[in-house]
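Just below is one structure, and these are the notes that go with it.
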Amino acid sequence: MAGEIRTDIDGRTLLRAMGGVCNLRATKGWREDAARITALLFDGLRYPADLTAARA
1105 MAGEIRTDID GRTLLRAMGG VCNLRATKGW REDAARITAL LFDGLRYPAD
1155 LTAARA
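Start counting the sequence shown at 1105; every next residue gets the next number (the working numbering).
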(Lines of atoms letter the chains of each structure in order from A and count residues from 1; the text may use other names and numbers.)
(Lines give C-alpha, C1' and ligand atoms only; values in the text may rest on other atoms or scores of the structure.)
Protein backbone atom coordinates (compact mmCIF):
# COMPACT_ATOMS: atom_id res chain seq x y z
CA MET A 1 0.00 0.00 0.00
CA ALA A 2 1.11 3.56 -0.62
CA GLY A 3 3.10 5.10 2.19
CA GLU A 4 4.16 1.77 3.67
CA ILE A 5 7.69 0.55 4.08
CA ARG A 6 8.82 -2.87 2.91
CA THR A 7 8.60 -5.61 5.50
CA ASP A 8 11.49 -7.70 4.13
CA ILE A 9 14.15 -5.13 5.16
CA ASP A 10 15.13 -4.91 8.81
CA GLY A 11 16.70 -2.05 10.71
CA ARG A 12 20.14 -3.68 10.75
CA THR A 13 20.25 -3.86 6.96
CA LEU A 14 19.12 -0.27 6.61
CA LEU A 15 21.72 0.96 9.10
CA ARG A 16 24.48 -0.88 7.23
CA ALA A 17 23.38 0.72 3.96
CA MET A 18 23.27 4.18 5.52
CA GLY A 19 26.70 3.53 7.03
CA GLY A 20 28.00 3.24 3.49
CA VAL A 21 26.66 6.70 2.72
CA CYS A 22 28.29 8.07 5.87
CA ASN A 23 31.64 6.63 4.81
CA LEU A 24 31.81 8.60 1.55
CA ARG A 25 35.08 10.45 1.26
CA ALA A 26 35.00 14.24 1.11
CA THR A 27 35.83 14.57 -2.57
CA LYS A 28 34.32 16.83 -5.19
CA GLY A 29 30.60 16.08 -5.49
CA TRP A 30 30.36 13.84 -2.44
CA ARG A 31 27.32 15.64 -1.05
CA GLU A 32 25.39 15.22 -4.28
CA ASP A 33 26.39 11.55 -4.40
CA ALA A 34 25.23 11.06 -0.81
CA ALA A 35 21.87 12.70 -1.60
CA ARG A 36 21.34 10.49 -4.68
CA ILE A 37 22.32 7.30 -2.82
CA THR A 38 20.04 8.18 0.10
CA ALA A 39 17.13 8.81 -2.29
CA LEU A 40 17.83 5.45 -3.92
CA LEU A 41 17.79 3.72 -0.53
CA PHE A 42 14.49 5.32 0.45
CA ASP A 43 12.91 4.41 -2.90
CA GLY A 44 14.12 0.86 -2.36
CA LEU A 45 12.37 0.77 1.00
CA ARG A 46 9.09 1.81 -0.60
CA TYR A 47 9.23 -0.08 -3.87
CA PRO A 48 10.66 -3.61 -3.79
CA ALA A 49 12.30 -5.01 -6.92
CA ASP A 50 10.21 -7.15 -9.24
CA LEU A 51 12.24 -10.35 -8.99
CA THR A 52 10.01 -12.23 -11.43
CA ALA A 53 11.10 -9.91 -14.25
CA ALA A 54 14.78 -10.39 -13.36
CA ARG A 55 14.45 -14.18 -13.58
CA ALA A 56 12.84 -14.19 -17.02
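All residues carry an ideal CB built from backbone N, CA and C; glycine is no exception.
In terms of residue numbering, what span does the alpha helix (DSSP H) encompassing A1143 cover?
As a position in the sequence shown, residue 1143 is number 39, starting the count at 1. Its alpha helix (DSSP H) spans residues 1134 to 1150.
Using 8 Å as the Cβ pair cut-off and three pairs as the minimum, do the region 1108 to 1118 and the region 1126 to 1140 touch?
Short answer: they don't touch.
Quick check: what's the CA-CA separation for R1129 versus L1118?
Here residue 1129 corresponds to residue number 25 of the sequence shown, with the count starting at 1. Here residue 1118 corresponds to residue number 14 of the sequence shown, with the count starting at 1. Approximately 20 Å, taken between the alpha carbons.
State the start and end residues of the unbroken alpha helix (DSSP H) segment that holds L1119.
On the sequence shown, residue 1119 is found 15 positions in, with the first residue counted as 1. Here the alpha helix (DSSP H) through L1119 covers 1115 to 1126.
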